[in-house]
Each structure stands twice: as C-alpha cells, then as structure tokens.
Amino acid sequence: MFYHVKELQFNARVSKPDPRFARLLLEQFGGGNGELKAAMQYFVQAFSCKNPYPDKYDLLMDIATEEFSHLEIVGATITMLLNGVNGQMKDAVESSPLADMMNGKATKEEYIHRALFYPQFDVLTAGGPTVTDSNGAPWTGAYVNANSDLTVDLRSNIAAESRAKIVYEYLMKFTDDPYVKETLGFLMTREITHFQQFEAALDTIQPNFPPGVLQEDPRHGNLYFNMSQGQDAEGPWNEGTSTRTKEEWNRIDDPLDFVCRTNGLTDITPGDSVPSNDDLRKLDEELSRTRSQEVTSATPMEDISWSTYGEEMQPKTHRTRKVKEKA
Ligand code: MN
Ligand code: MN
C-alpha cells in the first residue's frame with residue numbers, strides 16, 4: 260500500500276511565479292524522461308522480482324517510491340510557478356487577463372508569446388501540472404521499459420537515469436530562480452545516485468553479460484562491418500578485443516565481398532579468441548537452468564498470496580547514519 264505524507268521530500272520553493280519555466284518543467288512531470296516515467300518503470304519492473312529476487316524488489320520499490328516523491332516535487336514547483344494564473348482565470352470575464360488581452364491591454368504580448376508555445380497548458384489546466392510533456396504530448400506507457408529480466412531492466416534504468424539527469428542539467432539553464440535551481444540540483448543529484456545504485460545491483464548478478472540468458476553465435480560476435488566509405492575511424496570498438504567477451508575484433512572492410520564469400524555469413528570459422536560453439540551452448544544450458552530455477556523455485560503454484568503480514572512487517576533496525584543538521 261502507499262501512504263501519503265504531506266511534507267515534500269525536498270523543500271521546494273520558488274522566488275516568484277514564472278509560467279514560462281513552469282511549462283518547460285512539465286517535461287519532467289509527464290515527459291519521456293520525466294519522474295512519472297521513472298516511477299512507473301521501476302514500479303512495473305518490481306513485480307516480477309518480488310519472489311525470486313527480494314533484494315532487487317526492495318531496491319526497485321524504494322527508488323520507484325522516491326521517483327513518485329520527485330514527481331510530487333516537480334508538480335508542486337510547477338504549481339508555485341503558476342501561482343496567480345488559476346485565480347486570474349477564474350476571475351470574472353471583465354477583469355481577467357484574457358479580457359485585458361482582448362481589450363488590447365498590457366499583457367497581450369505575453370499571452371500571445373505563451374499561447375504560441377502551448378496554449379492548452381493555460382487554457383486546460385490554468386494553474387497546475389498536466390500529464391503531458393512540455394509540448395503537450397500526452398504521457399504514454401510506451402515510455403516504460405520493463406522486460407522481466409534484471410540484466411536487461413537494470414541497464415534500461417541506468418540509461419533512464421542518465422537521460423533524466425541531462426534533462427535537469429538543461430533545464431537549469433532556463434531559470435535564474437535560486438530556489439528553483441536548488442530543487443533542480445537536488446533532483447539531478449538523485450538521478451546520479453540512482454544510476455550508481457542500479458549499477459551496483461547489476462554487479463551483484465553474475466554473470467550479467469550478455470543481457471538475458473543466451474550466449475552469442477560464435478561466428479558473428481566479433482565482426483566489425485565497415486559500412487561506410489571515406490575516412491574510417493579506429494577504436495576499441497573495432498581494434499583489439501571486445502569489452503566483455505574479450506574476442507579479437509575481425510574488421511570486415513569489404514562487407515559485400517565478405518557476405519558473398521561466406522555464403523551469407525554462414526560459412527565462417529571463428530578465430531582462436533572465440534569460444535567454441537559447444538562451450539557456448541553448454542553455458543546456455545547451465546544459465547538457463549540456473550535462471551529458470553531461481554524464478555520457479557521461489558514461485559508458489561498454489562495458495563498464492565502476495566503478502567504475509569508477518570516478519571516483513573516488523574520494523575527493521577534503523578541504519579540511517581547521522582546526518583549533519585544545521586544549528
Ligand atoms: Mn527522479
Ligand atoms: Mn532516478
């Protein structure tokens with residue numbers, strides 16, 4: 260269950276209303292790299308971990324819940340940045356800014372400017388956040404990546420945290436409000452934290468490469484296709500050995516010729532640095548058994564209940580380290 264606490268996780272404040280920045284900040288409320296996406300992604304991923312990987316379930320639900328707390332901070336900040344707008348919109352027609360605009364009074368320029376960006380934001384919500392990105396595109400479940408495989412999901416999360424972080428970094432360039440900057444700095448920092456937490460969780464799963472269960476086809480894993488003409492770059496992506504499987508790169512400079520000579524890449528004898536097909540398929544069998552057992556052995560097939568209301572409800576010993584508080 261969820262339990263709402265009225266205090267925000269971070270003391271969000273604004274110096275003064277700024278509808279223009281409110282609209283930009285909407286990107287992190289209902290946008291593709293925003294807090295709702297992050298919250299829903301980790302929340303959805305957590306379900307399949309509940310029994311087989313309770314430690315990752317705990318992590319995913321903790322971070323998902325923190326992301327909901329960030330969503331609340333972003334929504335609160337948007338609302339504060341729009342302070343006054345809702346009241347003005349509800350005012351009787353004659354004294355509203357819209358009426359002023361129609362009568363050619365002072366705010367016309369400003370309203371046209373804002374309307375050009377995203378008129379629905381003013382007209383539909385008039386004072387609070389809406390579940391769209393900053394251009395009005397509605398939030399969609401398609402933003403959520405969840406594949407019920409931790410070696411895949413945790414990597415999706417590391418990528419999601421990277422994107423959330425850079426969007427906050429960009430957003431900070433569009434406000435001079437020191438309070439808003441402080442809040443954005445907090446939100447950005449937490450994405451750096453989550454990045455490391457997901458990375459650490461991925462490290463606890465061994466082996467975790469390649470993502471998923473099955474190993475490669477040894478004929479194709481170490482090929483670099485030079486698919487362009489002109490100046491070619493060299494780097495660890497096509498020179499030396501590959502980062503994880505440590506196979507020697509085989510650089511194919513004439514892909515068309517190579518494809519024809521190898522009967523469409525089927526007649527290839529892998530080099531010495533590449534494991535044999537038999538060894539790889541043996542690995543497939545072992546890992547299949549391990550991963551499948553991890554899940555099935557932890558998954559009850561009858562009298563199924565999600566919660567036990569026993570031990571897991573007992574408060575744990577607090578391990579919060581003392582935080583320096585300002586006097
Ligand atoms: Mn966040
Ligand atoms: Mn995060």
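Residue 260 is where the sequence shown starts when you use the numbering used here, and the numbers rise one by one after that.
Virtual Cβ for every residue (Gly too), placed ideally from N, Cα, C.
**OP:** Run through the region 475-531 for me and flag every whole beta strand (DSSP E) of 3 or more residues, listed as ranges in chain order.
**Re:** Taking only runs of at least 3 residues, the beta strand (DSSP E) segments lying wholly in the region 475-531 are 482-484, 509-511.
**OP:** Keeping to the same chain, check which residues put their C-beta closer than 7 angstroms to that of residue 294; ignore five residues upstream and five downstream.
**Re:** 287, 288, 326, 329, 330, 333
Original post:
Can you give the Cα-Cα distance for residue 433 and residue 410, rounded to whole angstroms?
Top reply: Whole-angstrom Cα-Cα distance: 36 angstroms.
Original post:
Straight-line CA distance for residue 461 to residue 407?
Top reply: 14 angstroms
Subject >> Coil, strand or helix - residue 437 by DSSP >> reply: helix
Original post:
Which two residues bound the contiguous alpha helix (DSSP H) that contains residue 317?
Top reply: First-last of the alpha helix (DSSP H) with residue 317: 313-340.
Original post:
Roughly how many angstroms separate the alpha carbons of residue 268 and residue 387, rounded to a whole number?
Top reply: 19 angstroms
**OP:** Starting from the C-beta of residue 470, find all residues in its chain whose C-beta is less than 8 angstroms away, skip the five residues before and the five after it, and write them out in chain order.
**Re:** 408, 410, 411, 414
Original post:
Per DSSP, residue 389 forms a beta bridge with which residues?
Top reply: For residue 389, which the question treats as bridged, DSSP gives no partner whatsoever.
Original post:
Can residue 485 and residue 511 be called in contact, C-beta distance under 8 angstroms?
Top reply: yes
Original post:
Heavy atom of ligand 1 less than 7 angstroms from the Cβ of residue 446, yes or no?
Top reply: True, at least one ligand heavy atom lies under 7 angstroms from that Cβ.
Original post:
Relative to the alpha-carbon of residue 475, which residue among 458, 395, 539 has its alpha-carbon at the smallest distance?
Top reply: 539
**OP:** Assign residue 568 to one of two classes, buried (16 or more other C-beta atoms within 10 Å of its C-beta) or exposed (fewer than that).
**Re:** Answer is exposed; the Cβ neighbour count stays below 16.
**OP:** Can you give me the start and stop residues for the alpha helix (DSSP H) that residue 310 sits inside?
**Re:** No alpha helix (DSSP H) holds residue 310; DSSP gives it neither H nor E.
Original post:
residue 397 bridges to which residues according to DSSP?
Top reply: 391
Subject >> Residue range of the unbroken alpha helix (DSSP H) whose run includes residue 288 >> reply: Start and end: 286-289.
**OP:** State yes or no: is the C-beta of residue 493 within less than 8 angstroms of the C-beta of residue 450?
**Re:** no
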